[in-house]
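**Student:** Each number in the working numbering comes from the position in the sequence shown (counting from 1) with 1443 added on.
Structure provided below as structure tokens; questions to follow.
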Amino acid sequence: MCERKCKGCDYSADFREVHEECGVFGITTGGDESIDVREEVRYALYALQHRGQESCGISVNDKGVIYTHKGVGLVPEVLTDEAISKLPKGTMAIGHNRYGTKRTADVMNARPLYIRHAKGTLSLAFNGQLVNAVEIRRQLRETGIIFHTSSDAEVIAYTIAKERLGCDSVEEAVKRTMEKLKGAISMVVMSPRKLIAARDSHGVRPMCIGKLKNGGFVFASETCALEVVGAEFVRDVRPGEIVYVEDNELKVYRRGKDRPDGLCIFEYVYFARPDSVIEGQSVHHSRKIAGALAAKYEPKVRADVVIGSPDSGLEAAMGYAEESGIPYGVGLIKNRYIGRTFIQPTQAERENAVKIKLNAVSETVRGKRVILVDDSIVRGTTSKRVVKILREAGAKEVHMRVASPLYVSKCYFGTDNTEKKDLIAGRLDLEGIRKELDLDSVAFLPLEQMVKVTPDAPNCGFCLGCFTGKYPMDVSKADETDKYSEKLGN
């Protein structure tokens, strides 16, 4: 955590207001040595970079021996040609992109996590967040376990190691571990002989299965990672399911539900890449539907142009424009040549960062009544700066339409946001939000319309906790976990 106490500084406020925790990937070639799993993992992590920009890493399994390289930074900064060349080629590997929930840019918190235990070794890549991590951590410490990080991944890995002592297989140990854990869990575990994927019983975070042309298999957070390695989508890992690959055969160790009942709706709103398909639903299509619903159900306004806030607001803006009949225009340009989304210690530096990162297209907005469509508003800090940029570019009016409901509650399942008191919709009514963001008008998608954005996956239930304060599982111990993580500097 930042120890500086700069006047007016909010270290937690980034250019983006909300971040998802991680992207995970696993691959086994079925013994085909013509496939370089090191390169395939690197390609996959490029595809999943949007899910985590703090750190990344890779573990390679070469004839039962696991080698790991990880570090702080983006994929091209950490998994360089030199770093990759120092790893054995192997025929099995896992990879991980991380965005820590409290921004611990520390190599100790980079993943995958590799441990040695009494019955061997394992490497783990995890996406999500536990709500009973403190309870499990205490139990493990009482048995003599020494923790080196504050991460949930370490809690999971040591629990698997402990359970492995009393069972005959690593997949059984994973099953016993999953029965003890509560929270959002999508993970891949690599042992000397097996590649395992597991997902929590509510299916909060996504996970899918792909098959290589030679018969090997991959597990990934999103389908966009399958395409870059030439894998064909097989199906999603079902909620509560444990699957593994052994001797190039995909096996189901524990069957799960057919569909999630608590999939995070923000996967469609913001987290996932537009070209991904989650639970049978195109993310791109879902966002266009959300924008169209916003135009249909939110207050009408006279305007000259509809623009989207890059990047996840663009599809919603397209949908809004099509439904409303108001022309769509490119009003904001995001600088794609800045490698990392960086956090600056002072307000002045943060404002300069936004100027570098985002610029208005004056020809589109000057003298125009503009409808600005975004996927969500969390703290409001980014939206306020975007509106200012549009005003300075000459926009006559700025009306904001948000393709999701009011964000009023914190997330306990791996989303990096803040306390309810710091959420703009948690402290202000609509008129207060309008004034604070310097808008001519503002409206949000009604909650009852939010669940209509996935017509291709009608049997999928969602976690809407950030909009309702109601969650698919008991989160009574989650605040204790958050406070413990804060104490450790996670």
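Even glycine gets a Cβ: it sits at the ideal position worked out from N, Cα and C.
Nothing here was measured: the structure is a model prediction, and the numbers come from that model.
Using the beta-carbon count (16 or more within 10 Å), is T1586 buried or exposed?
**Tutor:** It is exposed - the Cβ of T1586 has fewer than 16 other Cβ atoms within 10 Å.
**Student:** Say the cut is 7 Å; is the CB of E1476 nearer than that to a heavy atom of the ligand HEM?
**Tutor:** This structure lacks the ligand HEM, and indeed carries no ligand of any kind.
**Student:** Quick one: grab the DSSP three-state call for K1811.
**Tutor:** Coil, per DSSP.
**Student:** For F1910 and A1663, which I take to be in contact (beta-carbon distance under 8 Å), what is that distance rounded to the nearest angstrom?
**Tutor:** 27 Å between Cβ atoms; not a contact.
**Student:** Out of Y1713, L1638, A1490 and D1747, point me to the one whose CA is closest to D1690's CA.
**Tutor:** It is L1638 whose Cα lies nearest to the Cα of D1690.
**Student:** Kindly list the residues whose CB is nearer than 7 Å to the CB of L1871, restricted to its own chain and excluding five residues on each side of it in sequence; keep chain order.
**Tutor:** So the list reads E1879, once near-sequence residues are dropped.
**Student:** Please go through the same chain and pick out, in chain order, the residues whose beta-carbon is closer than 7 Å to the beta-carbon of A1596, but skip the five residues on each side of it.
**Tutor:** Excluding sequence neighbours, A1596 sits near R1554, L1556, L1567 and F1569.
**Student:** Which complete alpha helix (DSSP H) runs does the region 1806 to 1859 hold, if anything under 4 residues is left out?
**Tutor:** Counting only runs of 4 or more, we get 1824 to 1835.
**Student:** With H, G and I counted as helix, E and B as strand and the rest as coil, what does DSSP make of D1917?
**Tutor:** If DSSP states are grouped into helix, strand and coil, D1917 belongs with coil.
**Student:** Output the distance between the C-alpha atoms of T1511 and A1668, rounded to the nearest integer angstrom.
**Tutor:** Going by the C-alpha atoms only, they are around 20 Å apart.
**Student:** For the alpha helix (DSSP H) that contains K1605, what are its first and last residues?
**Tutor:** Per DSSP, K1605 belongs to the alpha helix (DSSP H) from D1595 to R1607.
**Student:** Sorted by chain position, which residues of the same chain lie with C-beta nearer than 7 Å to Y1486's C-beta, five sequence neighbours on each side aside?
**Tutor:** Correct list, in chain order: V1671 and V1672.
**Student:** Could you tell me which of Y1763, A1627, D1818 and C1610 sits nearest to C1392, measuring between CA atoms?
**Tutor:** The question about residue 1392 has no answer here: the residues shown for the chain are numbered 1444 through 1933.
**Student:** May I ask which residues mark the beginning and end of the beta strand (DSSP E) holding T1511?
**Tutor:** First-last of the beta strand (DSSP E) with T1511: V1508 to V1515.
**Student:** When you compare the CB positions of C1610 and A1616, do they come within less than 8 Å of one another, or not?
**Tutor:** Yes, these two residues count as a Cβ contact at 8 Å.
**Student:** For the pair the region 1823 to 1840 and the region 1880 to 1899, tell me if three or more CB-CB distances fall below 8 Å.
**Tutor:** Enough Cβ pairs lie closer than 8 Å, so yes.
**Student:** List in chain order: all unbroken beta strand (DSSP E) runs of 3+ residues lying wholly within the region 1731 to 1787.
**Tutor:** Listed in chain order, the complete beta strand (DSSP E) runs (minimum 3 residues) inside the region 1731 to 1787 are 1748 to 1751 and 1775 to 1777.
**Student:** Just list the residues that DSSP pairs A1663 with in beta bridges.
**Tutor:** DSSP output for A1663 lists F1468 and C1651 as bridge partner(s).
**Student:** Could you tell me whether the region 1891 to 1901 touches the region 1732 to 1745, where touching means 3 or more Cβ pairs closer than 8 Å?
**Tutor:** Contact holds: three or more Cβ-Cβ distances are below 8 Å.
**Student:** Relative to the alpha-carbon of V1862, which residue among Y1914, V1821 and H1493 has its alpha-carbon at the smallest distance?
**Tutor:** Note that residue 1862 is Glu in the sequence shown here, rather than Val. Of the listed residues, the one whose Cα sits closest to E1862 is V1821.
**Student:** Since V1963 contacts M1916 with CB under 8 Å, what's their CB separation in whole angstroms?
**Tutor:** The structure shown does not extend to residue 1963, since the chain is modelled only from 1444 through 1933, so no value can be given for it.
**Student:** Do you know offhand how far R1636's Cα is from I1470's?
**Tutor:** Approximately 12 Å between the Cα atoms of the pair.
**Student:** According to DSSP, is I1628 part of a helix, a strand, or is it coil?
**Tutor:** Three-state result, I1628: strand.
**Student:** Locate the beta strand (DSSP E) running through S1528, then write down its first and last residues.
**Tutor:** Unbroken run through S1528 is the alpha helix (DSSP H), D1524 to S1528; no beta strand (DSSP E).
**Student:** Out of curiosity, what's the CA-to-CA distance linking R1783 and E1520?
**Tutor:** At R1783 the pLDDT is 41, less than 50, meaning the model places this residue with poor confidence; the figure from the coordinates comes in the next sentence. Answer to the nearest angstrom: the Cα atoms are 10 Å apart.
**Student:** Once you ignore the five residues that flank P1742 on each side, which residues in its own chain have a CB closer than 6 Å to its CB?
**Tutor:** So the list reads A1886, once near-sequence residues are dropped.
**Student:** How big is the Cα-Cα spacing for L1530 and R1678?
**Tutor:** Whole-angstrom Cα-Cα distance: 31 Å.
**Student:** Quick check: the Cα distance between D1818 and Y1711, rounded to an integer number of angstroms?
**Tutor:** Spanning the two alpha carbons is a distance of roughly 9 Å.
**Student:** Note down, in chain order, each residue of its chain lying with its Cβ closer than 8 Å to the Cβ of G1479, except the 5 sequence neighbours on either side.
**Tutor:** Checking the sequence shown, residue 1479 turns out to be Asp, not Gly. Here the set comprises K1532.
**Student:** Compute the Euclidean distance between the alpha carbons of Q1496 and L1655, then round it to the nearest angstrom.
**Tutor:** Cα to Cα, Q1496 sits roughly 27 Å from L1655.
**Student:** Do you know whose CA, among K1700, S1612 and V1632, lies nearest N1504's CA?
**Tutor:** Per the Cα distances, V1632.
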